[in-house]
Amino acid sequence: MKQRRAVVTGLGIVSPVGIGSEATWDALVSGRSGIADITLFDATQFDPHVAGEVKGFDATAFMDPKDARRHDRNTHFAVAATGEALRDAGLLGENGLVGADVDADRFGMVFGTGIGGIGIMLEGHRTLLERGPRRVSPFMLPHMLPDSASGQVAIQYGIRGPNMAIVSACATGGHAVGEAMETIVRGQADIMLGAGTEAPLVPLAFAGFGQMRALGTPRDPDTGEYDAAMASRPFDATRDGFVLGEGAGALMVEDMELAKTRGAKIYAEVASYGSAADAWDLIQPIEKGDGVRRAMLAALERRNIRPDEIDLINP
């Protein structure tokens, strides 16, 4: 039997440099940074105190105000990014659900997150301490779980196929796209959302990353002057950490034959996927890069692709 192939037919994004894929792309090609001093909470005691915040985001523009109040910011981002990806792929009906010509039972998602609804959890803990256990919201637990975003996305858009959340720290988004492809190749779905969302900009998470000494210094390495945008410089010899940010990204991954049949715009093919672990440290990758090497080789070997056929490596 001919092996199924998976292609990307829709894009959706909520990022610190723009809400929507077009706005984000314009910012990227213009060299605009989304890194600035934190405004979501008082960060005067934190050093560094910069992050990639999503500015000007109104959750009620994408979901019912009552649902927006109950859900965490990471779910807000997920709903918004999914809506754009659905529209871009031509899969959203006029009633706000997936189109009538789409088999919603064969449409699923892998919507990952590293930490889930941490804001909702901390809000519930604060209520517990200040007002007692009977004042804690009954919505706190289901809305703090890592799969709360995938659940709400499914409810809002009527997506009834395989639904799961992957949690693998900074690899979550890549795993989500890979597993979405795998679900299609296995024949368990015709369309899958491969996506990730995160809203970790709360004092506790920021303090934790700071104590790990994982956050980049917002100073120009040449002059020593304060510059928020310079905190992220991964390819610079003076790099000293990363910048915590928030947002969501969604790819509509679809069976190639279905995409061609319905005349969908095809951005790219998800040709292969590989995954491996260092079994070394919870935070620091092994210096010789063994896990990364094995993951790349697995992806290449699966589709019989030679290393010299690769045009671009995006680290």
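Numbered according to the working numbering, the sequence shown terminates at residue 307, and the numbering increases by one at each position without gaps.
Heads up, the beta-carbon is just placed ideally off N, CA and C, and yes, glycines get one too.
Note that the structure is predicted; figures quoted are calculated from it, not measured.
#1: Write down the C-beta distance between threonine 105 and leucine 185 rounded to the nearest angstrom, noting that I regard them as a contact closer than 8 angstroms.
#2: Which partner residues does arginine 103 have in the DSSP bridge list?
#3: Within the same chain, show all residues whose beta-carbon is closer than 7 angstroms to that of glutamate 217, passing over the 5 residues directly before and after it, in chain order.
#4: May I have a chain-ordered list of the alpha helix (DSSP H) segments no shorter than 4 residues that lie completely inside the segment 179 to 227?
#5: How many whole angstroms separate the CB atoms of histidine 68 and glycine 109, which I take to be in contact at a CB cut-off of 8 angstroms?
#6: Flag this pair as touching only if the segment 196 to 211 and the segment 140 to 150 have three or more C-beta atom pairs under 8 angstroms; answer yes or no.
#7: For methionine 244, list the residues DSSP reports as bridge partners.
#8: Using a Cβ-Cβ cut-off of 8 angstroms (strictly less than) and excluding sequence neighbours within five positions of arginine 98, which residues of its own chain qualify?
#9: Could you say which of Gly239, Val194, Asp270 lies nearest to valine 6 if we only look at CA atoms?
#10: Run the CB neighbour count on leucine 196, radius 10 Å, all protein chains shown included, and call it buried at 16 or more, exposed below.
#11: For glycine 100, which residues in the same chain have their Cβ closer than 7 angstroms to its Cβ, ignoring the five residues on either side in sequence?
#12: Could you say which of Arg65, Ser25, Tyr265 lies nearest to glycine 166 if we only look at CA atoms?
#13: Is DSSP giving valine 262 helix, strand or coil here?
#14: Within a Cβ cutoff of 6 angstroms, which residues of the same chain sit near proline 326, ignoring the five residues on either side of it in sequence?
#15: Using the C-alpha atoms, what's the distance from valine 177 back to serine -5?
#16: Since threonine 96 and valine 102 are thought to touch, with beta carbons under 8 angstroms apart, how far apart are those beta carbons, to the nearest angstrom?
#17: My guess is that leucine 3 and alanine 92 are in contact by the Cβ rule of under 8 angstroms, so how many angstroms apart are they, rounded?
#18: Looking only at C-alpha atoms, which of Lys252, Val194, Ile11 sits nearest to alanine 70?
#19: Helix, strand or coil: which one does DSSP assign to isoleucine 297?
#20: Could you give the DSSP three-state label for isoleucine 110: helix, strand or coil?
#21: Figure out for me which residue from Gly281, Gly170, Ala260, Gly200 has the closest Cα to the Cα of leucine 236.
#22: Could you pull the DSSP bridge partners for alanine 28 from this structure?
Taking the coordinates as given:
#1: Their Cβ separation, rounded to whole angstroms, is 13 angstroms, which puts threonine 105 and leucine 185 out of contact at 8 angstroms.
#2: At residue 103 the sequence reads phenylalanine, which differs from the arginine that was named. Answer is Ala187, bridged to phenylalanine 103.
#3: Arg211
#4: 195 to 203
#5: About 10 angstroms; that fails the 8 angstroms criterion.
#6: no
#7: Gly2, Leu185
#8: Gly153, Ala181, Asp182, Ile183
#9: Gly239
#10: exposed
#11: Ile151, Gly153, Pro154, Asn155, Thr175, Ala181, Met184
#12: Tyr265
#13: strand
#14: Because the chain in this structure spans residues -7 to 307, residue 326 falls outside the shown range and cannot be described.
#15: What sits at residue -5 in the sequence shown is glutamine, not serine. Each residue's Cα considered, the two are about 7 angstroms apart.
#16: It should be pointed out that residue 96 corresponds to alanine in this sequence rather than to threonine. Rounded, the Cβ-Cβ distance is 16 angstroms, inconsistent with contact.
#17: That belief does not hold up - the Cβ atoms of leucine 3 and alanine 92 are roughly 23 angstroms apart, past 8 angstroms.
#18: Ile11
#19: coil
#20: helix
#21: Gly200
#22: Ala43
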